Amino acid sequence: MQVDYRGRSIQLPVLPLVAIVLVAAGAFMSMRLGRIDASDVGILINNITGKITVRLEPGSFFYNGFYTDLHTIDKTIHTLQMRGPGGEVKIKTVEGADVALDVEVNFRLLLDENAIKTKVIPESGVGKLRESLVSLDSRGRRRRTTTVAVDAYRQKWIRDYSRSVVRYVFGSLETEEFYKSQARDDKARECEVELNRLLRPHGLEVLKVVPDEFRFYREYEDKINEKNQAKQEVEREKVSIFTARADQAKQVVEATKRAEVEIETIKGRLAKNKIEAEALAVQVSKKADAYAYTTKIEANASFYSAERNAKGILAAAKAEAESLANLVKALAGEGGRNLVLRELAVALRKARIEGIPYATSAIVQRLSVDGALPTRGAVNRGAVKNRAATNGGAKR
3 MQVDYRGRSI QLPVLPLVAI VLVAAGAFMS MRLGRIDASD VGILINNITG
53 KITVRLEPGS FFYNGFYTDL HTIDKTIHTL QMRGPGGEVK IKTVEGADVA
103 LDVEVNFRLL LDENAIKTKV IPESGVGKLR ESLVSLDSRG RRRRTTTVAV
153 DAYRQKWIRD YSRSVVRYVF GSLETEEFYK SQARDDKARE CEVELNRLLR
203 PHGLEVLKVV PDEFRFYREY EDKINEKNQA KQEVEREKVS IFTARADQAK
253 QVVEATKRAE VEIETIKGRL AKNKIEAEAL AVQVSKKADA YAYTTKIEAN
303 ASFYSAERNA KGILAAAKAE AESLANLVKA LAGEGGRNLV LRELAVALRK
353 ARIEGIPYAT SAIVQRLSVD GALPTRGAVN RGAVKNRAAT NGGAKR
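Under this note's numbering, think of the first position of the sequence shown as 3, with each following residue one higher.
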């Protein structure tokens, strides 16, 4: 093929150009626009080489649809419901009792590109399988069954593994332990660990195992109910005993507190009385000391006064003794005789002299006892005269 270009003649090969155009047109016609939603994982499979490409990020892209197929699988969280009647997990306890347990298992695709390429796609494929979903009414009875298409990985592993693991993990419980929520929760955590150990190598991840209602055979359940009622009665008795003991302990504590209050009150009263007694004792002691001091002062004063009186009496006695001694000395001489005469004169002054006077002489004679005392000679002479006159008169 010859083409003129700016005055020049160019020879072009026709067949290669046609081939190039046809190839370009075929390539353009084979291009496809793929889209991956946020809830899906994109799987691109090369039909010539068998290479698998995994796209975890959502979005739109172009790919060659001539030799590449695009598939999507769901990566959201799913729930496997194993509920009665018929769908529950039947468990035999260590005591041999049969228990029907309703269980829900939450799981999802393990978001690991290598696990999806090497485990999920080779083992489960990318096709869809039909699954029957059973809906139950409020009493747990089957209401209707719906058939839906689900990813193959959701059917191949999760149901069988979940039933087996739940059956032998919960089968290690005793019959009465099913009534304990804590025991059921502990076994559910064990199921989660065991299921992840078994299913992670197959590209699945278990998020939660939720045990729900459980049922026994009617006869066995009646026996268990009777036993539980007996246990509840025992527990009520224990609670009553505990309450009585607590009340008794409370009363003991209150009585102890009252006794302690009374004791402290008595102690306070005794302490007050002691303080008052000590204060009174101190007051009495002070008064006694003051009385003793006053008595001592008064005794000292009395002693001093008595001593002074005694000294005065002694001095007076001494003076009287001296005066008597002087009197004795005075009476021992002329003074004694004068004193006797004086006393005689005093006595004669009080004496009465009676007699019949007469005289042999015509001279009148007179005896006077008043006035000055006569001398000794005169007294003697007068006495002689008196005696002579008396005698003479008497003789007459």
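For every residue, glycine included, the Cβ atom is placed at its ideal position computed from N, Cα and C.
Since the structure is predicted, the reported quantities are computational estimates derived from the model, not experimental observations.
Any idea what DSSP makes of Val96, helix, strand or coil?
Position 94 of the sequence shown, counting from 1, holds the residue named residue 96. In the structure shown, Val96 sits in coil (DSSP, three-state: anything other than H, G, I, E or B).
Beta-carbon separation of Leu2 and Val107 under 8 angstroms?
Since the first residue of the chain shown is 3 and the last is 398, residue 2 is not available in this structure.
Report the rounded CA-to-CA distance for Asp291 versus Ala283, giving the unit in angstroms.
Taking the sequence shown and counting its residues from 1, the one referred to as residue 291 is at position 289. Taking the sequence shown and counting its residues from 1, the one referred to as residue 283 is at position 281. For Asp291 and Ala283, the distance between alpha carbons rounds to 12 angstroms.
Just checking Glu266 against the ligand PLP - is the residue's beta carbon closer than 7 angstroms to any of the ligand's heavy atoms?
For the ligand PLP, the structure offers nothing, since it holds no ligand at all.
Using CA coordinates, which residue listed in Asp214, Leu201, Leu111 and Ala99 is at the minimum distance from Gly86?
Mapped onto the sequence shown, residue 86 falls at position 84. Out of Asp214, Leu201, Leu111 and Ala99, Asp214 has the C-alpha closest to the C-alpha of Gly86.
Determine the extent of the alpha helix (DSSP H) in which Asn198 is found, giving its start and end residues.
Counting from one through the sequence shown, the residue named residue 198 turns up at place 196. Per DSSP, Asn198 belongs to the alpha helix (DSSP H) from Ser183 to Leu201.
Apart from the five residues just before and just after Val122, which ones in its own chain have a Cβ nearer than 6 angstroms to its Cβ?
Locating residue 122 in the sequence shown gives position 120, counting from the first residue. Answer for Val122: Tyr155 and Gly205, listed in chain order.
My guess is that Glu125 and Lys158 are in contact by the Cβ rule of under 8 angstroms, so how many angstroms apart are they, rounded?
Walking along the sequence shown from the start, residue 125 turns up at place 123. Walking along the sequence shown from the start, residue 158 turns up at place 156. Indeed they touch by this definition, with Cβ atoms about 7 angstroms apart.
Less than 8 angstroms separating the beta-carbons of Ile1 and Arg110?
In the structure as shown, the chain starts at 3 and stops at 398, and residue 1 therefore has no counterpart that could be examined.
Can you tell me whether Ile22 is buried or exposed? The criterion is at least 16 other CB atoms within 10 Å of its CB, across all chains shown.
For the purposes of this step, residue 22 is taken as the residue at position 20 of the sequence shown. Its Cβ having fewer than 16 others within 10 Å, Ile22 is exposed.
Okay, do the region 57-73 and the region 85-101 touch, 3+ Cβ pairs below 8 angstroms being the bar?
no
If we count the other Cβ atoms within 10 Å of its Cβ and call it buried at 16 or more, is Lys229 buried or exposed?
The residue given as residue 229 occupies position 227 in the sequence shown. Exposed, by the Cβ-count rule.
What is the residue span of the alpha helix (DSSP H) that Arg156 lies within?
Stepping through the sequence shown from its first residue, residue 156 is reached at position 154. Unbroken alpha helix (DSSP H) run through Arg156: Tyr155 to Lys158.
For Ala102, the three-state DSSP class (helix, strand or coil)
To locate residue 102, count along the sequence shown from 1; it is residue 100. Strand.
Go to Ile47, then tell me how far its beta strand (DSSP E) extends in each direction, as first and last residue.
As a working mapping, residue 47 is identified with position 45 in the sequence shown. Taken as a continuous stretch (DSSP letters only), the beta strand (DSSP E) holding Ile47 covers Asp42 to Asn48.
Unbroken alpha helix (DSSP H) run spanning Pro124, endpoints
In the sequence shown, residue 124 corresponds to position 122, counting from 1. Unbroken alpha helix (DSSP H) run through Pro124: Ile123 to Ser126.
Span of the beta strand (DSSP E), counted from its first residue to its last, around Ser62:
Here residue 62 is taken as the residue at index 60 of the sequence shown, counted from 1. Gly61 to Asn66 is the span of the beta strand (DSSP E), which, as asked, contains Ser62.
Only counting runs of 3 or more residues, tell me where the beta strand (DSSP E) segments fall wholly within the region 263-301, in order along the chain.
none
What does a CB cutoff of less than 8 angstroms around Val212 pick up in its chain, not counting 5 residues either side in sequence?
Numbered from 1 along the sequence shown, position 210 holds the residue referred to as residue 212. Excluding sequence neighbours, Val212 sits near Val105, Glu106, Val107, Asn108 and Ala190.
Please state if the CB of Glu196 and the CB of Val167 are separated by a distance shorter than 8 angstroms.
The count along the sequence shown starts at 1 and reaches residue 167 at position 165. The count along the sequence shown starts at 1 and reaches residue 196 at position 194. Yes.
Cβ neighbour criterion (16 or more within 10 Å) applied to Leu399
Here the chain comprises residues numbered 3 to 398, so residue 399 is not present and cannot be evaluated.
Which residues does DSSP pair with Thr74 in a beta bridge?
Numbered from 1 along the sequence shown, position 72 holds the residue referred to as residue 74. DSSP lists Gly44 as partners of Thr74.
Report the three-state DSSP secondary structure of Ile315 (helix, strand or coil).
Mapped onto the sequence shown, residue 315 falls at position 313. Of the three classes helix, strand and coil, the one that applies to Ile315 here is helix, per DSSP.
Does the beta-carbon distance from Lys77 to Leu131 come in below 8 angstroms?
Locating residue 77 in the sequence shown gives position 75, where the first residue counts as 1. Locating residue 131 in the sequence shown gives position 129, where the first residue counts as 1. Not in contact: Lys77 and Leu131 (Cβ atoms no closer than 8 angstroms).
If we ignore side chains and look at the alpha-carbon of each, how far apart do Asn48 and Arg34 end up?
Translated into positions along the sequence shown, residue 48 becomes position 46. Translated into positions along the sequence shown, residue 34 becomes position 32. Their Cα atoms are separated by approximately 14 angstroms.
If you reduce the DSSP assignment to three classes, tell me which class Thr51 lands in.
In the sequence shown, the residue the question calls residue 51 occupies position 49. Of the three classes helix, strand and coil, the one that applies to Thr51 here is coil, per DSSP.
Determine the direct distance from the alpha carbon of Glu278 to that of Glu264, and round the result to whole angstroms.
By one-based count along the sequence shown, residue 264 stands at place 262. By one-based count along the sequence shown, residue 278 stands at place 276. Taking the straight line from one Cα to the other gives about 20 angstroms.
Run the CB neighbour count on Asp153, radius 10 Å, all protein chains shown included, and call it buried at 16 or more, exposed below.
Taking the sequence shown and counting its residues from 1, the one referred to as residue 153 is at position 151. Asp153 should be labelled buried.
Quick check on the burial criterion: 16 or more other C-beta atoms within 10 angstroms. Buried or exposed for Ser174?
Stepping through the sequence shown from its first residue, residue 174 is reached at position 172. When all chains shown are included, Ser174 counts as exposed.
Three-state class that DSSP yields for Arg85 in the structure shown:
Here the question's residue 85 lines up with position 83 in the sequence shown. Arg85 falls in the coil class under three-state DSSP.
According to DSSP, what are the bridge partners of Arg344?
Here residue 344 corresponds to residue number 342 of the sequence shown, with the count starting at 1. None, per the DSSP bridge assignment.
Please report the straight-line C-alpha distance between Ile38 and Glu59, rounded to a whole angstrom.
The residue given as residue 38 occupies position 36 in the sequence shown. The residue given as residue 59 occupies position 57 in the sequence shown. Between Ile38 and Glu59, the C-alpha separation is close to 8 angstroms.
Ile93 and Val43 - do their beta-carbons sit closer together than 8 angstroms?
In the sequence shown, residue 43 corresponds to position 41, counting from 1. In the sequence shown, residue 93 corresponds to position 91, counting from 1. Against a cut-off of 8 angstroms, the Cβ pair of Ile93 and Val43 comes out as no contact.
What is the residue span of the beta strand (DSSP E) that Phe216 lies within?
For this step, residue 216 is matched to residue 214 along the sequence shown. Note, Phe216: beta strand (DSSP E), Leu206 to Phe218.
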